[in-house]
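Structure, as structure tokens:
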Amino acid sequence: MRLALVLALLATPALAGVEEVTQQHLRPGVAAFAEATEALAQAARADCTAEALRPAYDAAWTAWSPIADLRLGPTEPAALTIAYWPDQRGAGAKALRGLLASDAPALRDPAAFAEVSAAARGFPALDRLLGDPELSGYGTNSPTCTLVQTVTADMAAQGAALAEGWQAEAEALASAGEAGNARYLTEDEAFRALYTQILSALEFTADTRLGRPLGEPGRPRPTRAEFWRTGRPLPNALASAEAAVAVAQLLAEIPLPLTEAALDQVRHAAAAIDDPTFQNIEDPTARLKLEILQQRVRALLDIVEAEVGAPRGLQPGFNSRDGD
Amino acid sequence: MRPLPFAATTALALSLSHAALAATPAEVVDTYADIAEAGYADSLSTAQELQAAIEAFLDAPSPEGLDAARAAWIASRAPYQQTEVFRFGNPIVDDWEGKVNAWPLDEGLIDYVDASYGGATDENQLAALNVIANPTLSIAGQEVDASTITPELIAGTLDQADGVESNVARGYHAIEFLLWGQDLNGHGPGAGDRPWTDYAQGADCTNGNCDRRADYLRAATQLLVDDLAWMAAQWAEGGAAREAVTTDPQAGLQAMLTGMGSLSYGEQAGERMRLGLMLNDPEEEHDCFSDNTHNSHYYDGLGVQNVYLGRYVRPDGGLVEGPSLRDLVADTDPALAEEITAKLDTTVAALDAIRTAAENGTAYDTMLEAGNAEGERLVMAGVDGLIDQTRSFERAIAALGLDAVAFEGSDSLDNPDAVFQ
Amino acid sequence: MATRRGFLASLLACASLPALGWADAGSPAVLACAGDPDGGYSLHGLREDSTAAFRLPLPARGHAGCGHPTEALAVAFARRPGTYALVLDCARGTVRHRLSPPEGRHFNGHGTFLAEGAVLATSEQAVDTSEGFMGLWDATDGFRRLGEVPTGGLGPHDLKRLDSGLVIVANGGIATDPTDRTRLNLATMRPNLAVLDPLNGGAPEVTELTPDLHQLSIRHLSLRDDGTLAFAMQWEGEPETLVPLLGLRDPHGTVTLAEAPEPEARLMQGYAGSIAWSGDGTEVAITSPKGGRVQRFDAGGSFLGHVARPEVCGIAPLGRGFLLSDGLGGLLSVEDGIPAPLGRAELAWDNHLVRL
């Protein structure tokens with residue numbers, strides 16, 4: 001596997017890395033997400049109950065995670081309307097409660113639903129509706145059932161729009177540096193754009209996905225974990241690291257032995273965690289295991305910087321990190 | 001050359017005669033401290049009356065007893081809201097204020113709530129803790145013995161529990177919730193409607209744990225009385241708050257104007273009035289359980305006027321009066337002094353119009369409803385007045401030459417070169 | 001024109017040299033500062049077709065403040081704390097003057113010429129209090145300090161001359177620690193737009209946003225020919241709150257705030273770094289280097305669309321539309337919402353483009 005990758009890199013021109021990320025990761029990624037959300041919507045139409053829907057829900061996550069943190073072009077706004085998090089004001093829960101208590105058109109009409117707060121759409125809504133025991137016991141002829149069907153129909157519409165909208169971004173990446181490409185003026189810019197996303201993803205996972213539940217010294221905050229009601233905290237964190245490295249491997253033109261080793265460390269740390277929802281981190285041992293995972297993700301970030309960024313002389317932004 | 005000595009002599013004579021009439025900064029800050037002392041003393045005495053009404057109610061629960069306690073709470077807010085102007089500009093008040101007037105609160109921490117409230121939130125695990133129903137609590141993984149509800153339990157363990165700001169266990173608004181209950185009317189008319197039987201002992205008790213609910217109300221009221229007594233002492237002769245403004249009258253003047261401006265602008269016009277209007281959210285009203293927000297806003301505005309005019313009318317009709325900020329501003333810029341006086345009048349009148357409308361049946365929360373044009377007009381008139389007067393306060397700061405004072409002794413003034421090293 | 005390294009080592013040129021116009025500097029349309037790949041810094045003049053008119057080395061990272069209306073003079077400000085500004089002779093490639101703010105003041109990175117170039121106005125703040133001043137300098141007499149006018153707010157930033165001869169200033173409202181730029185007053189900040197009379201001083205006529213937006217720092221300005229002012233803002237409040245980042249002030253003083261719909265609005269990350277009207281005046285755009293995004297609005301404040309571009313910040317009118325510059329060295333044109341690349345240099349463009 002490693003050997004094949006090296007040969008491929010040697011055999012292709014400079015843009016290969018960007019093209020490979022586009023062709024082998026992002027393009028199939030958005031297509032898979034479109035399929036998975038369509039399947040989810042169909043499943044909800046067939047049987048909207050929480051238990052019946054969970055496999056399709058998890059499958060939608062499996063499709064979303066590889067592209068979740070690669071926010072380029074249409075995935076930038078989509079990341080907000082598909083997986084808004086963290087929601088520190090509880091806006092999503094409040095909006096959902098309000099919708100369920102009302103008879104608003106948004107309850108059954110996906111187009112009207114697309115106007116509600118981003119925090120109440122997509123995965124955050126399903127995490128509540130399918131994962132909160134106070135809500136998830138709904139029957140097939142209930143307002144909650146209708147809302148679940150609306151949420152999933154909205155997700156399928158978003159998935160389809162993303163697959164469609166992604167074409168333009170894929171073309172822009174593929175033609176980076178060519179005349180008329182206003183998105184990526186050089187090949188190097190396309191590389192940099194993808195590389196920046198890798199770093200942001202790892203940073204977000206370490207600081208926010210894992211950092212928020214870790215809380216303050218002596219005070220873990222398990223319910224501040226990401227979509228913990230439906231068991232997403234550990235799978236999402238691990239998938240984010242896996243996706244980051246997958247993209248780094250496709251992007252770099254050299255083997256990344258250190259990055260791969262660092263990812264293995266992340267996997268080991270993740271495997272040691274007993275409760276994927278992080279709801280046990282009041283327990284010191286569980287907390288320690290989560291902290292170790294966080295450290296391993298940070299270490300992975302440092303190594304990607306050293307192994308992928310440094311050889312290209314990539315440095316943080318000139319304007320974006322220095323406001324005026 | 002000849003006219004000059006003459007002119008100078010005249011000017012000297014004029015300024016001498018003027019000085020005899022004008023207020024000095026030291027006198028003005030004395031009046032300020034006197035008003036604060038009286039305001040906190042009145043807050044204390046009305047809180048003690050509230051305590052007496054609550055004791056009477058709890059001793060023999062009845063609908064009339066609850067009404068009397070609610071009336072005493074509303075009466076106690078009148079002097080207290082007039083002291084809010086002392087909060088900004090006086091760190092000693094600002095640091096303490098959260099104990100008595102913290103808001104908004106996740107009231108499910110204290111007592112039962114309606115199903116629409118939801119339970120614990122991801123941000124606040126204790127949002128539906130319900131201390132009154134639970135003699136044993138779990139807070140941040142620690143088991144807490146709450147079998148006896150005491151002021152110590154509330155102050156030491158429950159208030160700000162788990163490092164979350166909205167865990168407000170004490171102060172006026174906790175008591176307000178215990179007297180009124182949640183206002184479940186949304187934008188519709190009506191305040192909270194807690195039945196008096198929530199405090200009936202024995203078989204008549206509604207919603208359970210009436211004994212513990214009474215204990216909580218007693219303990220929270222005791223804390224409020226103690227907290228107000230402490231602050232009243234800070235403004236009495238020799239008190240730390242009084243010393244802080246009178247030792248350096250210029251700094252005292254700065255505190256006065258900072259307090260007037262900050263309360264008017266960011267706090268009252270912004271956070272408390274305009275934000276609620278923008279969000280059309282009935283929870284965005286200050287005294288949300290009792291629907292007493294109209295009075296809160298009015299007395300806040302009156303407090304600002306008191307400080308400027310150096311004049312405070314006590315609940316018993318007594319007057320505290322002395323050399324005023326207005327006199328001092330008039331000494332430098334008579335037109336500005338009158339402008340501020342007029343703008344304060346306009347604001348107080350606008351806030352009074354909100355109060356009158358509320359007393360005639362248009363509660364403040366219904367004014368916040370989307371599409372209520374008349375409500376919006378009333379609220380915005382108050383907001384506009386508050387903003388407008390703040391601008392004039394800034395001119396007063398400049399007219400009194402206060403800017404430089406605040407920064408006296410700072411490193412950058414004493415040693416400007418250091419800044420560039 | 002060739003690179004002119006080493007000019008700064010030369011003596012300050014005599015102030016009485018005959019004035020040379022912009023044609024003598026290669027007829028630039030836009031000024032921009034940049035960071036060079038070798039770690040140095042430079043000021044660039046760019047022509048209408050985005051080719052280089054001139055390039056001058058700078059001693060430190062600078063902000064292109066303003067250009068003289070007729071003479072080939074550019075004023076570049078040191079980054080904050082702005083302890084000096086340079087008046088550069090863009091035709092001769094020399095430093096004509098080095099301006100130091102009065103003791104206890106520093107420059108805030110922006111300036112504008114008044115009275116057909118006779119007077120330079122600079123935005124300044126008191127080091128200790130952040131109180132704002134507009135400094136006035138005599139451009140006809142060696143940039144001698146003439147005086148100053150209070151701006152009626154803290155942390156003044158951009159400023160523009162109105163047709164009435166008055167000057168409008170964006171008081172950002174933020175008090176900063178003089179040593180490390182730490183924001184000191186986020187809870188109480190109150191930005192405003194102030195109209196100043198440079199001759200008579202006096203109390204400026206001030207426009208404030210409503211109190212709920214008091215943490216929305218007004219920083220950069222763009223003026224259309226008819227006097228409609230567009231201003232760009234930066235949110236210092238709770239990050240989850242969505243607020244408008246663009247404001248429009250018509251010649252009568254009526255203010256309209258504009259924002260894109262969610263989720264587009266969120267992608268600016270509460271930050272607009274630069275602003276410009278389009279060349280034909282029908283559109284106005286704000287840029288966010290943090291969000292890598294440009295948002296276009298019509299003259300009534302309705303959202304038109306976005307252009308995504310990493311590190312984008314500088315913006316100026318070009319043709320009917322806009323010229324964009326970014327931290328990756330890219331220059332783009334945007335017309336009718338369609339971006340087209342103009343070139344990419346091995347340097348990083350600083351935050352602003354200054355239209356001459």
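Protein chains in written order, with the UniProt record's numbering: chain A, 1 to 324; chain W, 1 to 421; chain Y, 1 to 356. Glycine included, C-beta positions come from ideal geometry on N, C-alpha and C. Being a predicted model, the structure only gives us computed values, none of them experimental.
- Leaving aside the five residues that flank W96 (chain W) on each side, the residues in its chain whose CB is nearer than 8 Å to its CB run, in chain order, D227, W230 and M231.
- Closer than 7 Å at the C-beta level to chain A, one finds no residue of the stretch 172-185 of chain Y.
- A Cβ of chain W is located within less than 8 Å of the beta carbon of T210 (chain Y).
- Secondary structure note for N192 (chain Y): it is in no alpha helix (DSSP H), and the uninterrupted beta strand (DSSP E) holding it is N192 to L196.
- If you check the CB distance, E37 (chain W) and A236 (chain W) come in under 8 Å.
- Using a Cβ distance threshold of 8 Å, P317 (chain Y) and A276 (chain Y) count as a contacting pair.
- Under a 10 Å Cβ-count criterion, P195 (chain W) is classified as exposed, with fewer than 16 other Cβ atoms of the shown protein chains found around its own Cβ.
- Annotation: Q234 (chain W) to R242 (chain W) spans about 7 Å, alpha carbon to alpha carbon.
- Between the stretch 254-272 of chain W and the stretch 289-303 of chain W, the count of Cβ pairs shorter than 8 Å is three or higher; the stretches touch.
- In this chain, the beta strand (DSSP E) harbouring F133 (chain Y) covers E131 to D138.
- Burial check for G29 (chain A): the Cβ neighbour count within 10 Å reaches 16 or more, so the residue is buried.
- Assignment of V95 (chain Y) by DSSP, reduced to helix, strand and coil, places it in the strand class.
- DSSP links W180 (chain W) through a beta bridge to no other residue.
- Burial state of Q197 (chain A) is buried, judged by a 10 Å Cβ sphere holding 16 or more other Cβ atoms.
- Annotation: Cβ neighbours of I387 (chain W) in chain Y (cutoff 9 Å, chain order): E208, T210 and P211.
- By the neighbour-count criterion, in which a residue is buried when 16 or more other Cβ atoms sit within 10 angstroms of its Cβ, H110 (chain Y) is buried.
- According to the DSSP assignment, P57 (chain Y) belongs to no alpha helix (DSSP H) but to the beta strand (DSSP E) extending over A52 to L58.
- When 9 Å is used as the limit between beta carbons, T81 (chain A) is near these residues of chain Y: E262 and P263, in chain order.
- In the three-state reduction of the DSSP assignment, G385 (chain W) falls in the helix class.
- Linking D128 (chain Y) to S117 (chain A) through their CA atoms gives a straight-line distance of about 43 Å.
- When secondary structure is reduced to three states using DSSP, K99 (chain W) falls in the helix class.
- Secondary structure of G321 (chain Y) (DSSP, three-state): strand.
- Between the stretch 106-123 of chain W and the stretch 68-81 of chain W there are fewer than three inter-stretch CB-CB distances shorter than 8 Å, so the stretches are not counted as touching.
- In the displayed model, A241 (chain A) falls within a helix according to three-state DSSP.
- Contact annotation: in the stretch 322-342 of chain Y, residues whose CB is within less than 7 Å of a CB in chain A are G327, L328, G330, L332, P339, A340 and P341.
- In terms of Cα proximity to P263 (chain Y), the closest of A:T75, A:R128, A:Q24 and A:Q42 is A:T75.
- Under the 8 Å criterion on CB atoms, N181 (chain A) is classed as interfacial with respect to chain Y.
- For the alpha helix (DSSP H) assignment, the uninterrupted runs of no fewer than 4 residues enclosed by the stretch 184-241 of chain A are, from N- to C-terminal side, 187-204 and 211-214.
- Separation of W349 (chain Y) and G35 (chain Y) (C-alpha to C-alpha, rounded to the nearest whole angstrom) is 6 Å.
- Put simply, the stretch 72-85 of chain W touches the stretch 32-49 of chain W. At least three CB pairs are less than 8 Å apart.
- Looking at the DSSP output, T112 (chain Y) sits in a beta bridge with Y:A121.
- One finds P263, E264 and L267 in chain Y with Cβ atoms closer than 7 Å to the Cβ of P77 (chain A), taken in chain order.
- Boundaries of the beta strand (DSSP E) around I168 (chain Y): V167 to N171.
- Only S116, G118, G119, A120, T121, D122, E123 and Q125 from the stretch 108-138 of chain W bring a Cβ to less than 8 Å from some Cβ of chain A.
- T223 (chain A) has its alpha-carbon roughly 20 Å from the corresponding atom of R121 (chain A).
- Look at E291 (chain A): its C-beta is not under 8 Å from any C-beta on chain W.
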